[in-house]
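Heads up: the structure comes next, in structure tokens.
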Amino acid sequence: MSDERLPIMKTYKLYIGGKFPRTESGRSTLVQDSSNGLTAHVCHGSRKDVRNAVEAAHSAHSKWSSATGYLRGQILYRLAEMMEGKRSELAEAIGNEHATREVDASIDRVVHFAGWTDKYASVMGGANPVSGPYHNFTIPGSMGVVGCVCPDQPPLLGLISMIAGPIALGNSVVAIVSESNPIPAMVLAEAFATSDLPGGVVNLITGFREELVPHLATHREVIGVHAGSVSDEHRAVLREGAAVNMKRVTIHDDALDYFDESQAQGPAWIDPFVEFKTIWHPSAV
Amino acid sequence: MSSTINTGSKSDQSDASGKLDLRGASGGGMFDYAPAPESVKAPIADTYGLFINGEFVDPSSGDRFETLNPSNEETLSMISSASVSDVDAAVQAARDALPEWSGLPGSVRGKYLYRIARRIQERARELAVLETLDGGKPIKESRDIDIPLAAAHFFYHAGWADKLEYAFPGKTPEPVGVCGQIIPWNFPFLMAAWKIAPALACGNTIVLKPAETTSLTALRLAEICQEVGLPKGVVNIVTGAGETGSALVDHPDVDKIAFTGSTGVGKMIAKATAPTNKRLTLELGGKSANIIFEDASIDQAVEGIVEGIYFNQGHVCCAGSRVFVQESVLDTVINKLGDRLASLRVGDPMDKNTDLGAINSKEQLGTINRYLETGTSEGATRHDVNPCEVPEKGYWCKPCFFTGVQPSHAIAREEIFGPVLAVMSFRTPDEALSRANNTPYGLAAGVWTDKGSKIFDMASKLDAGVVWLNTYNKFDPASPFGGFKESGFGREGGRHGLAAYLK
């Protein structure tokens, strides 16, 4: 017998409502774990998992959206701190030559959006000079549950870019993570669980887009959709979801470079996931 | 016309002590108003063409349909029905005009918009008369609201045309391209302005389709485009019914569809454009809540209810069609509302004293009447207290309200688009909120209370794109308008409205 220790093989579960349940379908798929060459088991998520995740996200939304921007910013910064502590594990999970760069860019992106939480309304809201004796102002708020379809590559930075803008302004998200390499997302889930991010604000599903996207697209409780590169077929499926309950659908170009800060962050990554509310009140008696 | 409510505590104008009763003055009260018809005439041609590439042209099919005056069912004119090939020609004209128009300095585009605004002001009365003849709305509304607001929209957006780089931080503004715009019949000219002004300011070109029952004022706007020398093809107006709209939505060379209308049609458009990369903004239906707290100024709140639901015969997407009254003041509010309703003057839209004009079309009258029947058959109580005698010809529905309404009733859930109000009660602010938000719509809401912290708490928790506090149904070009949830997406007006017409 060799002296070499027999490693523990980890099974990656889903992340729903702040917990790590197995898929209700009882299915798993084999994924090459690039870090050590072992094959890892990842949950093969189902329609019911999507529905459970949307329910968890819906329950978490009200409290998260009514938290102050300052508090959301603190929590997102705390998430960046937790990710910093997992740099090497995240990089191993990504397992390519750009891994460290991707981890660093992901952490920096979380910090970027942490700072928007209490500034977006000042920059993008406004006082409207109407022609009459009224106070009139427009303020942004969250819209509810946003469904994210993450690109395969980059597996971590793509996921962070999909979810950070929506949650910064108080939405909760259900993300279908990278299909080809779901492991960085599930390592990240451990950072979510140990940051102060309330359970249910971010929910992660692993599995096959072919199976999961149509359910996300037609779910009536999902009001926003944020997708990285998807097939033409899924693009149409997601846009048709708007015909169910008027989902706000944003799908990025395949050419998007997630590493480029000028392309992949800033308020334009928040805009599609806020509702602007305009309030009138008479100012004359 | 008798009241079905027990008006035990009548207001003091109408008690038995011999004081003047001014209620229902037009319907046989002590003092009748003399008729005060608007005297300005708006010439109407026998037929109208399509406005394509700066010229009025005959429809390729030769098909025309009549447009009626809904207050007397007389034919006003014959309107062209644009076919697929007409729409194609209009889109081609818009495409051809795009490079030059979008390439103009913003300040020059702005000057064209200022010219349009001025011409609207100069032809304001004629436009108001035409709007009222074709659509049935009271002349005082078309004269004081629709037309001036339309001019204001052009003035407002004219000033944006050379300032777009300041509108959205970090963005280089680029026009979307050729915009297909489909508008409803409830504010025909104003909706055309809401659609055209921001699109032109941002450098887009346009194919606009007015609603089939109300094409006349949009065609006047086409004339104004000619008068001000707007480059050919920048604005094209194709008239017709649903097929014309479909041809526009399905046209492969249209970059964006902007639609205002029902949620049902909005969903069809979303589905039709799903396989394409067309951009979409949709301003759809509503079932907006108007919430009256016991500590509100009740008389003002009752005026707010009236403005909220009976403005424009209730043909308003943001109409306050669900009123929630705190239980302790429910009887007072119902009594005062009954009194106020009885004094509204329903009749000739061209009379300057008219409060409610004609229902826009026979079809819409049928829809409203079906809801009136459903309201009663589902068990709510209808209060039909307006004493006016309406003309025999034309499409008329007198304003009314229902009490005893359950949240499950159709009249509490579905958009009626008529002068029909559902009155319900609540006990706590939380109950008011949960009931107000319990709808797939999210266009507008109203709150009436004199308590500052309560009113802003409600405002922040209502799922609605526009919240009117101690007021209702106010509009301004500087103020973004648009809904949450199934009331659509995108905003019109204000800085936020520009986003719909920029990449």
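Going down the list, the sequences are from chains F and R.
Counted from 1, the first sequence has number 250 at position 250 by the numbering used here; the numbering is strictly sequential.
Counted from 1, the second sequence has number 1355 at position 355 by the numbering used here; the numbering is strictly sequential.
Ideal placement from N, C-alpha and C gives every residue a C-beta, glycine not left out.
Bear in mind the structure is a predicted one, so any value in this text is a computation, not a measurement.
1. Spell out whether any CB of chain R is found under 8 Å from the CB atom of F/F276.
2. Closest to R/V1385 by CA distance: which of R/A1124, R/G1338, R/R1427, R/W1468 is it?
3. At a cut of 8 Å, does the segment 1086-1100 of chain R reach the segment 1048-1059 of chain R through at least three beta carbon pairs?
4. Mind checking if R/V1178 is an interface residue toward chain F, Cβ cutoff 8 Å exclusive?
5. Could you work out which residue in R/I1206, R/N1186, R/T1239 is closest to R/A1319 when comparing CA atoms only?
6. Check whether chain R comes within 8 Å of F/I223, counting only Cβ atoms and requiring the distance to be less than that.
7. For R/H1496, would you say it is in contact with chain F, using Cβ-to-Cβ distances shorter than 8 Å as the test?
8. When we look at the beta-carbon of F/R239 and count the other beta-carbons within 10 Å, is it buried (16 or more) or exposed?
9. For F/P154 versus F/E102, is the C-beta distance shorter than 8 Å?
10. Kindly indicate the opening and closing residues of the beta strand (DSSP E) around R/N1069.
11. Within a Cβ cutoff of 8 Å, which residues of the same chain sit near R/T1367, ignoring the five residues on either side of it in sequence?
12. Distance cutoff 8 Å, beta carbons only. Does R/E1486 sit that close to anything in chain F?
13. So F/Y120 is in the alpha helix (DSSP H); what residue range does that whole segment cover?
14. I need the straight-line Cα distance from F/R209 to R/I1206, nearest angstrom please.
15. Does the separation of the CB atoms of F/I205 and F/L14 fall below 8 Å?
16. May I ask you to list, following chain order, the residues of the segment 1115-1130 of chain R that have a beta carbon less than 9 Å from some beta carbon of chain F?
17. Counting along the chain, where does the beta strand (DSSP E) carrying F/S28 start and finish?
18. How is the alpha helix (DSSP H) around R/H1496 delimited, first residue to last?
19. Going along chain R, which residues have a C-beta under 7 Å from F/Y70?
20. Looking at F/A53: is its Cβ nearer than 8 Å to the Cβ of F/V244?
21. What residues from the segment 113-128 of chain F come within 7 Å of chain R, judged by C-beta to C-beta, listed N to C?
22. Can you tell me the Cα-Cα spacing of F/W116 and F/A168, whole angstroms?
23. For the segment 1429-1451 of chain R, which residues have a beta carbon sitting closer than 9 Å to at least one beta carbon of chain F?
24. If we require 4 or more residues per run, which alpha helix (DSSP H) segments fall completely within the segment 1270-1326 of chain R?
25. Considering F/R248, what are the terminal residues of the beta strand (DSSP E) in which it resides?
26. Using the C-alpha atoms, what's the distance from F/T39 back to F/E92?
27. Is the beta carbon of R/E1414 less than 8 Å from the beta carbon of R/L1284?
28. Let me check understanding here. Comparing Cα to Cα, which of R/G1170, R/A1218, R/C1400 lies closest to R/A1422?
29. Apart from the five residues on each side of it in sequence, which residues of its chain come closer than 6 Å, Cβ to Cβ, to F/R78?
30. In whole angstroms, what is the alpha-carbon distance linking R/E1243 and R/E1066?
31. Under three-state DSSP, which class holds R/Q1181?
32. List the residues of chain R that F/T250 touches, going by C-beta distances under 9 Å, in chain order.
33. Kindly indicate which residue of R/G1497, R/M1078, R/S1453, R/I1147 has the alpha-carbon position closest to the one of R/D1046.
34. Quick check on the DSSP output: the alpha helix (DSSP H) that includes F/E211 runs from which residue to which?
35. What whole-angstrom Cβ distance do R/R1427 and R/E1327 have, given they're in contact under 8 Å?
36. Does any CB atom of chain F fall closer than 8 Å to the CB of R/D1355?
If we stick to the structure as given:
1. Residue contact with chain R for F/F276: present (Cβ-Cβ distance below 8 Å to some residue of chain R).
2. Answer by Cα proximity: R/G1338.
3. Taking a cut-off of 8 Å on C-beta distances, the segment 1086-1100 of chain R touches the segment 1048-1059 of chain R, as three or more cross pairs fall below it.
4. Chain F places no beta carbon closer than 8 Å to that of R/V1178, leaving this residue out of the contacts.
5. Answer by Cα proximity: R/N1186.
6. F/I223 counts as touching chain R.
7. For R/H1496, the answer is yes, since a Cβ of chain F falls inside 8 Å of its Cβ.
8. With 16 or more Cβ atoms within 10 Å of its Cβ, F/R239 is classed as buried.
9. In this structure, the beta-carbon distance from F/P154 to F/E102 falls below 8 Å.
10. 1064-1069 is the span of the beta strand (DSSP E), which, as asked, contains R/N1069.
11. Cβ contact annotation for R/T1367 (same chain, cutoff 8 Å, sequence separation greater than five): I1416, F1417, G1418, in chain order.
12. R/E1486 counts as touching chain F.
13. Taken as a continuous stretch (DSSP letters only), the alpha helix (DSSP H) holding F/Y120 covers 120-124.
14. The alpha-carbon separation between F/R209 and R/I1206 amounts to approximately 38 Å.
15. With respect to the 8 Å criterion, F/I205 and F/L14 are classified as neighbours on the basis of their beta carbons.
16. Hits within the stretch: zero.
17. For F/S28, the enclosing beta strand (DSSP E) stretches over residues 28-32.
18. According to the DSSP assignment, R/H1496 belongs to the alpha helix (DSSP H) that extends over 1494-1498.
19. Within chain R, no residue comes near F/Y70; the closest Cβ sits about 16 Å away, beyond 7 Å.
20. No; because the gap between Cβ atoms is not below 8 Å, this pair is not in contact.
21. Only V123, G126, N128 from the segment 113-128 of chain F bring a Cβ to less than 7 Å from some Cβ of chain R.
22. Their Cα atoms are separated by approximately 7 Å.
23. Within the segment 1429-1451 of chain R, the qualifying residues are P1440, G1442.
24. You should have 1298-1310.
25. Looking at the DSSP string, the run of the beta strand (DSSP E) that includes F/R248 is 248-251.
26. Roughly 14 Å separates the two Cα atoms.
27. It is not a contact, given that the beta carbons lie outside the stated cut-off.
28. When each option's Cα is compared against that of R/A1422, the closest is R/C1400.
29. For F/R78, the CB contacts under 6 Å within the same chain, skipping 5 residues up- and downstream, are S195, D196 in chain order.
30. Near 16 Å, if we compare the C-alpha coordinates of R/E1066 and R/E1243.
31. Reduced to three states, the DSSP call for R/Q1181 is strand.
32. Under the 9 Å cutoff, chain R gives no residues; its nearest Cβ is about 11 Å from F/T250.
33. With distances taken between Cα atoms, R/D1046 lies closest to R/M1078.
34. Segment 209-218, the alpha helix (DSSP H) holding F/E211.
35. Indeed, because the Cβ distance is near 5 Å, the residues count as touching under 8 Å.
36. No, R/D1355 does not count as interfacial toward chain F.
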